[in-house]
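Residue numbers (my numbering), protein chains in the order written: chain B, 1325 to 1520; chain E, 1325 to 1520.
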């Protein structure tokens, strides 16, 4: 198969803030059709963490989401600089949002494309266990977060039932569930997850 | 818990094309902190379909993604008008991209938020079975698509291994896998999925 590519003939900057920038391209599609393409560039990676504690519980973060005007329960998540290792951002985010650090980390997935027809946002997800309190990163002053400790099995139920609507949380919980069921996780972690 | 809300003090239209529009708001965060918020509004729902045929195979669509400059294998997906039932859009998309129609449909999930810190894009996913050829919807002239028939179990493997990077495809395959493993799918569909 010959790969037919997109061509960008010209690009115009449209908008820029701390989190995103928008560029409009004049393009030729792989079919040969001319057109325009508005691309949303994200200045951060999306980083998610699924922590599992000694009693098989994880942490959900609750917050009002501005763009939907509704309350959302999600795994600890946040933005990580594009030029830093995703794991380092995950460690910071787990401390900031949940007040925890972890001895053990396992990447659930990386470079997942959250909305690849329009945006270049990439997501990384991690499992974290061997947890201990950690206050080395202050809370983000723009965030008003609720923190809830929930058994892992209950979070799987919430993901499957539609109570969790955040796509990254959903993909992380379902992938962890797949790995647990297929015996692909380290034994110590699998033992913790089955306590919850 | 008292819900603390975001306040939008003023809004400025920034950009508009066929697929998205951008609005910048002056806001007060739930913490009381003032700031700006750039919101990406999507003019379509994200619609995904996981079709299963009589031999337990599904369909993957391959295409060059402009924003990443790379080739991506995904489930059949496309945009559905906000004011139309998602199932109707799924039927059209399955015909356009895979040349198929289905006797049976099951919603895998709805209203999943693909990137809720910045965009209001919502995703719906469907399982489809009882398939037959259908050419009632012409291909989209701006799309250069490859179509590949793949056993369902192989698509699960590709999702878990990271060969499929599209977030919506990933969430759909992993949720279908969960429902199959927990006996939550109609028996006729589960039988088909276990043939692949």
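Cβ coordinates follow ideal geometry from the N, Cα and C atoms, glycine included.
What's the call for residue i, buried or exposed, on a 16-neighbour Cβ count within 10 Å?
i: residue 1361/B; result: buried
i: residue 1413/B; result: buried
i: residue 1422/E; result: buried
i: residue 1507/B; result: exposed
i: residue 1468/E; result: buried
i: residue 1333/B; result: exposed
i: residue 1512/B; result: exposed
i: residue 1329/E; result: exposed
i: residue 1407/B; result: exposed
i: residue 1491/E; result: buried
i: residue 1356/B; result: exposed
i: residue 1398/E; result: buried
i: residue 1410/B; result: buried
i: residue 1456/E; result: exposed
i: residue 1459/E; result: exposed
Near residue i, which residues of its chain fall below 7 angstroms by C-beta distance, leaving aside the five closest residues on each side in sequence?
i: residue 1382/B; result: 1374, 1375, 1376, 1474, 1476, 1479
i: residue 1509/E; result: 1503
i: residue 1519/B; result: 1379, 1380
i: residue 1471/E; result: 1383, 1385, 1422
i: residue 1463/B; result: 1420
i: residue 1494/E; result: 1483, 1488
Quick one: what's got a C-beta closer than 6 angstroms to residue i's C-beta in the same chain, skipping five residues either side?
i: residue 1345/E; result: 1365
i: residue 1352/E; result: 1331, 1358
i: residue 1436/E; result: 1447
i: residue 1378/E; result: none
i: residue 1461/E; result: 1416, 1419, 1420
i: residue 1501/E; result: 1480
i: residue 1449/B; result: 1372, 1432, 1433, 1496
Kindly indicate which three-state DSSP category residue i falls into: helix, strand or coil?
i: residue 1356/B; result: coil
i: residue 1609/B; result: The shown model of chain B, from 1325 to 1520, leaves out residue 1609/B, and the question about it has no answer.
i: residue 1462/B; result: coil
i: residue 1509/B; result: coil
i: residue 1367/E; result: coil
i: residue 1400/B; result: coil
i: residue 1438/E; result: coil
i: residue 1455/E; result: strand
i: residue 1519/E; result: coil
i: residue 1480/E; result: helix
i: residue 1444/E; result: coil
i: residue 1416/B; result: helix
i: residue 1530/E; result: This structure cannot settle anything about residue 1530/E, because the visible part of chain E is limited to 1325 through 1520.
Beta-carbon within less than 8 angstroms of residue i's beta-carbon, same chain only, minus the 5 sequence neighbours each way: which residues are those?
i: residue 1454/B; result: 1426, 1427, 1428
i: residue 1339/E; result: 1345, 1346
i: residue 1343/E; result: 1366, 1367, 1368, 1403
Near-chain E residues of the region 1354-1369 of chain B - C-beta to any C-beta below 8 angstroms: Taking 8 angstroms as the cut-off between beta carbons, the residues of the region 1354-1369 of chain B near chain E are 1354, 1355, 1357, 1359, 1360, 1361, 1362, 1363, 1364, 1366, in sequence order.
Given 8 angstroms, three or more beta-carbon pairs between the region 1382-1391 of chain E and the region 1438-1447 of chain B: yes
Residues from the region 1475-1508 of chain B in contact with chain E, defined by Cβ distance under 7 angstroms: 1484, 1486, 1489, 1490, 1491, 1494, 1495, 1498, 1499, 1501, 1502, 1505
Stretch pair the region 1398-1415 of chain B + the region 1480-1487 of chain B: three plus CB contacts closer than 8 angstroms: no
Residues within the region 1426-1438 of chain B neighbouring chain E, beta-carbon criterion of under 9 angstroms: 1433, 1434, 1435, 1436, 1437, 1438
Contact set between the region 1328-1349 of chain E and chain B, restricted to residues whose Cβ is under 7 angstroms from the partner: Listed by position along the chain: 1328, 1329, 1330, 1338, 1339, 1341, 1343, 1344, 1346.
Where the region 1379-1397 of chain B meets chain E: residues whose CB sits under 7 angstroms from a CB there: 1388, 1389, 1390, 1391, 1392, 1395, 1396
Against chain E: residues of the region 1453-1468 of chain B by CB proximity under 8 angstroms: Taking a C-beta cut-off of 8 angstroms against chain E, the contacting residues of the region 1453-1468 of chain B are 1465, 1466, 1467, 1468, listed in chain order.
Interface residues of the region 1442-1453 of chain E facing chain B [CB-CB below 7 angstroms]: 1442, 1443, 1444, 1445, 1447
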